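The sequence shown begins at 1 in full-length UniProt numbering and counts up by one.
Every residue, glycine too, gets a C-beta built ideally from N, C-alpha and C.
Fair warning: this is a prediction, and the values are worked out from it, not measured in the lab.
Quick notes on the structure that follows.
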Amino acid sequence: MRIKALGYIIIEATTPAAWQGFMEDTVGMMLAPSMDNSNNLYFKMDEYSWRFRVEQSDKDCLSYAGWELVDKTAFDQALAELDTAGTSYERLSAEACEEKGIREGIGLKDPGGNYLELFYQMKLDYQRLVSNVGVPNFLTGYHGDMGLGHWVLPTAAFDECYAFYKDVLGFGDVDYMHFHFNPDPQDPGQGLHFMHVDNPRHHSLAIYQDPNPPESNCVHLMVEVDDMDEVGYFIDRCKQNDVPIVSTLGRHTNDLMISVYVATPGGFALEFGCDGVQVDWEDYKPTTSSVPSLWGHEWNHG
Ligand SMILES: [Fe+2]
1 MRIKALGYII IEATTPAAWQ GFMEDTVGMM LAPSMDNSNN LYFKMDEYSW
51 RFRVEQSDKD CLSYAGWELV DKTAFDQALA ELDTAGTSYE RLSAEACEEK
101 GIREGIGLKD PGGNYLELFY QMKLDYQRLV SNVGVPNFLT GYHGDMGLGH
151 WVLPTAAFDE CYAFYKDVLG FGDVDYMHFH FNPDPQDPGQ GLHFMHVDNP
201 RHHSLAIYQD PNPPESNCVH LMVEVDDMDE VGYFIDRCKQ NDVPIVSTLG
251 RHTNDLMISV YVATPGGFAL EFGCDGVQVD WEDYKPTTSS VPSLWGHEWN
301 HG
């Protein structure tokens, strides 16, 4: 199975208006002009009609992700592979596909019980990103083919989820880290698998070993901009809008992203960065890294 990109993210929110303020006035995305925002709020960052949908809920969390296949041939091949693997799925109704602006889609669950969707061809509306705060564009590749960014998924079913995303969904290994936050030598620590799909973005998913995953269902989401100035303007906007910065500016070891992390209204962090490496997977050797950052990324600094 060749999944192309992280296509969309569904967020549940107790206060969708807080997300609207955060996305428009701090992140710099726009309310999607070609979508019906009367029930859910759709946010747009590139040619895709939308990338994030915020739904009214009684909890705050990242609900699920939509993973993109390139076309019907790849989609049908994926269904055949799921059948072979004995992984059950349900086709999305025509109404659900119409609502999301996608051609076809299915819903399934990973071994950790996380619902996800596979789809192909979300409509491109080609409407310009008109950012309230002047963000010229987000880095998502040609016609969005690098996806919206990356997601770090916390799960207690660490090995099972890793095997599922690798062996069933066809994600590729990029890097592995292992953390020891507890001084107890008996503590097994926590692993982190960085995984790529079929585009040059270093990782589109990272699976984080967490015996007690948070209700937010997310460690962080990452979106990327073109240059350092846009990251700097973002930091200024966070200060102006009283958005807590949870990690200072730093550069990561494995994807070379220069980024900051801030608190979203959803109880998880958003990484906002630039300069992430783009990889040719033909000749790539997966790595094991011992530290996450070359410099910076001081957590809980304030
Ligand atoms: Fe990240």
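Bridge partner(s) assigned by DSSP for residue i
i: Cys161; result: The partner list for Cys161 (beta bridge, DSSP) is empty, contrary to what the question assumes.
i: Gly296; result: Gly250
i: Ser259; result: Gly250 and Gly273
i: Leu169; result: Paired residue(s): none; Leu169 is not in a bridge.
i: Ile3; result: BP columns for Ile3 are empty, so no partner.
i: Val225; result: Phe138
i: His143; result: In DSSP, His143 forms no bridge with anything.
i: Phe52; result: Ile9 and Phe43
i: Ala206; result: Val152 and Phe194
Closest by C-alpha distance to residue i, when choosing among the options
i: Val174; options: Glu215, Cys61, Ile11 and Pro286; result: Pro286
i: Leu41; options: Glu47, Tyr48 and Pro33; result: Pro33
i: Glu215; options: Gly7, Phe138, Ser131 and Thr155; result: Thr155
i: Val70; options: Lys4, Ser289 and Ser259; result: Lys4
i: Met45; options: Ala18, Tyr120 and Val223; result: Val223
i: Pro136; options: Met35, Gln240, Met29 and Met146; result: Met29
i: Gly101; options: Tyr48, Met146 and Trp67; result: Tyr48
i: Ser38; options: Ile235, Met23 and Val54; result: Val54
i: Val152; options: Glu230, Leu129, His203 and Met122; result: His203
Distance cut-off 7 Å: residue i Cβ against heavy atoms of ligand 1
i: Met222; result: yes
i: Glu298; result: no
i: His196; result: no
i: Glu271; result: yes
i: His150; result: yes
The alpha helix (DSSP H) enclosing residue i, as first and last residue numbers
i: Leu82; result: Lys72 to Ala85
i: Phe234; result: Met228 to Gln240
Rounded straight-line distance, which links the Cα of residue j to that of residue i
i: Thr26; j: Asp159; result: 36 Å
i: Pro111; j: Ser93; result: 24 Å
i: Glu298; j: Tyr261; result: 10 Å
i: Leu124; j: His143; result: 8 Å
i: Ser57; j: Gln20; result: 15 Å
i: Ala269; j: Val246; result: 8 Å
i: Asn182; j: Arg2; result: 38 Å
i: Tyr162; j: Asp275; result: 27 Å
i: Leu256; j: Val277; result: 6 Å
i: Leu294; j: Val243; result: 25 Å
i: residue 303; j: Leu118; result: Past the boundaries of the shown model lies residue 303; the chain is included only from 1 to 302, so the question cannot be answered.
i: residue 348; j: Pro213; result: Residue 348 lies beyond the range of the chain shown here (1 to 302); nothing can be said about it.
Unbroken beta strand (DSSP E) run spanning residue i, endpoints
i: Gln20; result: Counting along the chain, Gln20 falls outside any beta strand (DSSP E), though it belongs to the alpha helix (DSSP H) covering Pro16 to Gly21.
i: Ala65; result: Cys61 to Leu69
i: Lys109; result: Ile102 to Lys109
i: Phe119; result: Tyr115 to Met122
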